[in-house]
Amino acid sequence: MLTCKQHIRKATIRTRKNGKEYFIWCDESTSKGKFCSNFYGGVLVKSEHLREVLTHLQKVCRRLHFFDEIKWHKVSQHYVEKYMSVMDAFFRLIAEGKAKVRIMYTPNTNAANHLKEKPKSETFFILYRHFITHAFGLPHSNNSDHEIYLRLYFDNLPDTLEHRQAFKEYIKGLQTTMPFQLARLKIRKQDIAEVDSKKHLLIQMLDVVLGALCFRLNNKHKEMPPEKKQRGKRTIAKEKLYKHINKKIRTLRTGFHIGTNTAITSKEEYWQHSYQLLKLGPSELKIDINPLNKKSLCLLYQYAQLPAH
């Protein structure tokens, strides 16, 4: 078990001396759920806010005496109040505009049929690529004449070295697309990394939010142990934390509903808002499954259609 000091130790992240950067931490949860699957999430922090965000979360963890990695599956009756407190700190940073959160998932009822036909590992990377391309509205993030560099941190990817390297090359290739070029967004190979979530508090924060939404959308709050007539204490604690997180999201996005896309009136708002939930159905996700380059899993993507509101 990590000591508290080791757990909250700052990962070695150095910003560029000149120019702006976007730091993006990514995680995923539950490839196959009862009702909803393929949960992906990301936290974006601008370089000018990075030190403040990390320092604040580290201080909160010290105050709460978190001695181990913060994860959704560890939520229990004894720790739920601490988890609620750390979520308060995280969502305060989001409300202040110092961090952006994006969550994406696919409902099982209307998931793209052609994704079901793809191997599991390939679907994983297809959706991850779609998430990075569209979720934050990055092409609308930079109206200046200066370049902005992206740094992406993925919780260890569950696949072969060859596929992981191909995926990173594919992500790096986003900078050659017209939307990224117009926004002067740059991605260097060395800035795409797999990391240990134990050393990255923002991935841990994301894990809790992802886990909470997955928990509720798949009706896990109703589950009872075999041959029992009441829910377990851990399930009750998790539902309490989910409701707390849902309340925090509603303060950011009035009218938020967990089962629908957050309201968007223009593609620019994909970047502007601090929190977005993307539910991918056939109308939101259109993928040309003809490979451009089999080695790098290159697929053509059409720009995500806006949900009707």
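With the first letter of the sequence shown counted as 1, position 134 gets the number 420 in my numbering; the numbers rise by one all the way through.
Idealized CB from N, CA, C, for every residue including glycine.
In this structure, DSSP gives D374 a helical state, which the three-state scheme calls helix. Per DSSP, reduced to three states, the secondary structure at M464 is helical. In the assembly as shown, I522 is an exposed residue. Its beta-carbon has fewer than 16 other beta-carbons within 10 Å. By the Cβ-count criterion, H432 is exposed, with fewer than 16 other Cβ atoms from all chains shown falling within 10 Å of its own Cβ. The continuous alpha helix (DSSP H) containing S333 extends over residues S333 to L350.
When DSSP states are grouped into helix, strand and coil, V361 belongs to the coil group. Ranked by Cα distance from G497, the options E448, F325, K515 and I310 are led by F325. In the same chain as T462, and ignoring 5 residues on each side of it, no C-beta atom comes closer than 7 Å to its own. C-alpha of K386 to C-alpha of K534: approximately 14 Å in a straight line. Note on the segment 479 to 506: there is no whole beta strand (DSSP E) run with a minimum of 3 residues.
The criterion of a C-beta distance shorter than 8 Å is satisfied by Y391 and S323. Y456 is a Cβ neighbour of R415, given a cutoff of 8 Å. For the set K526, L436, G545 and N547, the Cα lying nearest the Cα of Q363 is the one of K526. The C-beta distance from L350 to S371 rounds to 6 Å, short enough to meet the 8 Å contact threshold. Taking a cut-off of 8 Å for Cβ pairs, the segment 499 to 512 and the segment 462 to 474 do not touch, as fewer than three such pairs fall below it. Per DSSP, reduced to three states, the secondary structure at I522 is helical.
Comparing alpha carbon positions, the residue from S407, T409, E448 and S483 closest to D441 is S483. Cα atoms of D493 and L343: separation of roughly 15 Å, rounded to the nearest angstrom. Distance from the CA of T548 to the CA of R450, rounded to the nearest whole angstrom, comes to 31 Å.
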